[in-house]
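Everything in the sequence shown is counted per numbering that gives the first Met the number 0, starting at 0 for the first residue and increasing by one. Everything on this sheet refers to the single structure shown next.
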Amino acid sequence: MAELSPFHLAFPVHDIAMAREFWGGVMGCPEGRSAEQWVDFDFYGHQIVTHLVPGCDKRDEASNPVDGHGVPVPHFGIVLTMPEWQELADRLKAAGTRFVIEPYIRFKGQPGEQATMFFRDPSGNAIEMKAFADRSKLFATD
Numbered sequence: 000m001a002e003l004s005p006f007h008l009a010f011p012v013h014d015i016a017m018a019r020e021f022w023g024g025v026m027g028c029p030e031g032r033s034a035e036q037w038v039d040f041d042f043y044g045h046q047i048v049t050h051l052v053p054g055c056d057k058r059d060e061a062s063n064p065v066d067g068h069g070v071p072v073p074h075f076g077i078v079l080t081m082p083e084w085q086e087l088a089d090r091l092k093a094a095g096t097r098f099v100i101e102p103y104i105r106f107k108g109q110p111g112e113q114a115t116m117f118f119r120d121p122s123g124n125a126i127e128m129k130a131f132a133d134r135s136k137l138f139a140t141d
């Protein structure tokens with residue numbers, strides 16, 4: 000796989016202190032630049048930016064059925080290695096994170112078999128963290 004360029008994603012949060020606690024503390028993302036209204040985080044080499052938008056935690060929850068679960072839409076995340084994924088799942092459980100979809104293996108025995116989990120940050124942003132035993136199968140169709 001070719002070297003990937005870092006992506007940039009900006010999203011709303013209703014409380015900057017809670018965003019710092021969750022993204023910096025629970026998720027373990029190092030903090031970058033910041034101002035009173037926003038904070039940059041290093042999300043596994045990618046730049047995510049939390050922007051203060053009061054009231055943004057009051058949003059409709061749309062979902063799409065995948066593998067028998069209601070997957071929240073929109074959502075974002077990253078593909079980790081299996082050990083990184085398991086360590087994060089353990090850390091999130093220890094922090095008392097409420098999962099939208101508990102950590103599990105999806106599409107067992109199929110080309111897209113993957114570990115996945117869905118949860119929301121304190122502002123309600125949906126996150127999916129996943130891992131493939133064989134990352135070369137990331138875009139496999141059969």
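Quick reminder that beta carbons are idealized off the backbone N, C-alpha and C, glycines included.
| task | Classify Glu83 as helix, strand or coil using the three-state DSSP reduction. | result | When secondary structure is reduced to three states using DSSP, Glu83 falls in the helix class.
| request: Confirm, please, whether the CB-CB distance from Lys136 to Pro110 is below 9 Å. | output: Contact flag set, yes.
| query | If you draw a straight line from the C-alpha of Asp41 to the C-alpha of Gly76, how long is it? | reply | When rounded, the distance between both Cα atoms is 13 Å.
| Own chain residues within Cβ distance below 7 Å of Met128, not counting five before or after | Residues of the same chain with a CB within less than 7 Å of the CB of Met128, apart from the 5 flanking positions on each side, are Gly76, Ile77, Leu79, Trp84, Leu87, Met116 in chain order.
| Expected contact under 8 Å - CB spacing of His50 and Ala16 to nearest Å | Contact flag wrong, Cβ pair sits at about 14 Å.
| Identity of the residues DSSP links to Trp37 by a beta bridge | Under the DSSP definition of a beta bridge, Trp37 partners with Ala34, His50.
| Taking Cβ to Cβ, would you say Ala5 is nearer than 9 Å to His45? | Reading off the sequence shown, one finds Pro at residue 5, where the question assumed Ala. A contact, by the Cβ cut-off of 9 Å.
| task | Tell me whether the beta-carbon of Ser122 lies closer than 9 Å to the beta-carbon of Pro29. | result | Going by C-beta atoms, Ser122 is not nearer than 9 Å to Pro29.
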